[in-house]
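Only one structure is covered here, and it is reproduced in the block below.
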Amino acid sequence: MTMTSEHDEIFSAYVFVELPDEEESVLAGRLILESRRSVFFYGKSYLNRPDAFAFDPINLPLVNTPQIFAGQNHIPAVLLDAGPDNWGKRLMYTLHKRTPRNAVEELLATRGAGVGALSFSLSRTRPKSTPEFESLKHLLALDKGISDLLESNLLTPEVVRLFEPGSSMGGARPKSVVQDETGALWIAKFNRPEDLFDQAAAEQMCYLMMRDCGIYACQTRLIRAGGRHVLLVRRFDQTAAGRRIHFISAHALMYQPRVRVDEVPVQYAYPRLASLIDQIGDRAEQDKTELFRRMVFNILVGNSDDHLRNHGLLKNISDHHYRLTPAYDVVPQPGQFQLQAIGVGQKGRESSLENALSASQHFGLSTTQAESIIKDIAKVTRQWRDYAEQAELSEADCRVLREVLEVDRAVR
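For the sequence shown, position 356 matches number 356 in full-length UniProt numbering, and the numbering has no gaps at all.
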């Protein structure tokens, strides 16, 4: 084991992966952070395994030579997928006695609680133990703790213990990870005091609509804690038996250190993700149609926060192919609905059905098929007020959301 004092900055970590037929995580490689780059290499014992797989089949192939990465963060993007999100980083800087000083230290601080099957350690013999997650019954304490953290950064020891395990899963919204009576993990997503509308209920409304649109979406529950809504989203990176599944975000798959400004809507776009699904998916036709549905839905509900980290794929348990994760982090964005976060079609990021239709061939769809999908989804989203009622959105919330949910985006 590498020994460090509490004042030494850490620049390297061993990378472990959970494999389907192994009880314990397996040492798979090592990451070393240097001043202007990082170096990653797979371990010899891992490379010799028949069940070894590349963490990123596009950008981190399974080879026996060191792989060098420069550019933003200097870290392979698929490894950062397993690290903290913006909310997790805020917790780290608030709760930890020793705050992480670089990306490697952030990865180590997640303690295996991040999305997917990867974990990190200073030891080459074992990863850090994954924390035990609190039960759903502690949500009331969690909800009060969120307010304390947002308003004053003053936390009780109990709230610190509750937050610590949930510091590294998806998005910038306040959240923690909790465990239900069956052992399944859920992300508990909270509203902020300054939110313009009930974000938890609005997201639940979108999940209800997505399911009726035939979109494969996360399992969710809307509950109340401390008199306020909390959205529970089932973690999709676990099997029913609690085994972790390897995850890779679209951001990692598409990552490039340098992209010309005029190429961004093409390089970072739904059609390009569809082409990557062709390369690494085993049900490409089905998943590309699914991706088109999600793109159209995001346009119709004004979810302009559909950036690349909000799309991802899970590795199959039985082989090295990938499939889309359930849809997640879908919320209307009032005031920001004219452009999507990534490219859509011939008109770049424009949030219009005409633009979506222009890209139909990239998803393996004829114009007629694409028009039929658009019609079916629009039929559901036009009834958004019915779904808002099911999600317990107030009339005041609906007035805020109406400006984005009733915009005319018809094909012209």
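Every residue gets a Cβ at the ideal spot worked out from N, C-alpha and C, and that includes glycine. Note that the structure is predicted; figures quoted are calculated from it, not measured.
Is it buried or exposed, residue i, if we count other Cβ atoms within 10 angstroms and call 16 or more buried?
i: P66; result: exposed
i: S304; result: buried
i: R272; result: buried
i: S168; result: Per-residue confidence for S168 stands at a pLDDT of 46, beneath the threshold of 50, marking its modelled position as unreliable; the derived number appears in the next sentence. Buried, since its Cβ has 16 or more Cβ neighbours within 10 Å.
i: K137; result: exposed
i: G183; result: exposed
i: P50; result: exposed
i: V261; result: exposed
i: G166; result: In this prediction, G166 scores a pLDDT of 49, lower than 50, which makes its location untrustworthy; the coordinate-derived value is nonetheless stated afterwards. G166 comes out buried.
i: E105; result: buried
i: R412; result: Model confidence at R412 stands at a pLDDT of 46, short of 50, so the residue's coordinates are unreliable and nothing is read from them.
i: R309; result: buried
By Cβ distance below 8 Å, which residues in the same chain neighbour residue i in space, the five residues on each side in sequence not counted?
i: M1; result: With a pLDDT of only 45 at M1, under the threshold of 50, the placement of this residue in the model should not be trusted; the figure read from the coordinates follows. Hits under 8 Å: L122, S123, R124 and T125.
i: V331; result: Q199, A202, E203, C206, N303 and D305
i: F53; result: L62, H246, K315 and H320
My assumption, with CB atoms under 8 Å, is that residue i sits in contact with residue j. Please give the rounded CB distance.
i: C218; j: R234; result: 6 Å
i: G83; j: L107; result: 5 Å
i: H320; j: A250; result: In fact, because the Cβ distance is near 18 Å, the residues do not count as touching under 8 Å.
i: A370; j: L357; result: 5 Å
For residue i, which option in the options has the closest C-alpha, if you only look at C-alpha atoms?
i: R244; options: Q279, N316 and L300; result: N316
i: R402; options: L196, H229, G226 and F41; result: L196
i: R173; options: L232, V17 and A252; result: L232
i: Q383; options: R399, T220 and E406; result: E406
i: G43; options: A52, G29 and I373; result: G29
i: Q238; options: A13, V78, P20 and F16; result: P20
i: M209; options: F11, E24, V380 and E105; result: V380
i: P100; options: V177, E392, S129 and I10; result: I10
i: L139; options: A109, N191, D408 and K89; result: N191
i: E290; options: D81, Y270 and Q336; result: Y270
Excluding sequence positions up to five away, which residues of its chain have a Cβ less than 6 Å from the Cβ of residue i?
i: V39; result: I32, P66 and I68
i: I280; result: P57 and Y322
i: E285; result: G364
i: F55; result: V78
i: N298; result: D306
i: Q338; result: S351
So does residue i have its beta carbon nearer than 8 Å to some heavy atom of the ligand FMN?
i: V264; result: As presented, the structure is devoid of all ligands, the ligand FMN included, so that no description of it is given.
Grab me the residues of residue i's own chain with a C-beta within less than 7 Å of its C-beta, minus the 5 sequence neighbours each way, in chain order.
i: residue 418; result: Since the first and last residues shown for the chain are 1 and 412, residue 418 lies out of range.
i: C398; result: R385 and A388
i: R294; result: I215 and A327
i: V400; result: L196, F197 and P334
i: K288; result: A274, I277, F363 and G364
Residues bridged to residue i by DSSP?
i: S38; result: L33 and F69
i: E194; result: DSSP output for E194 lists no bridge partner at all.
i: W186; result: V178 and R234
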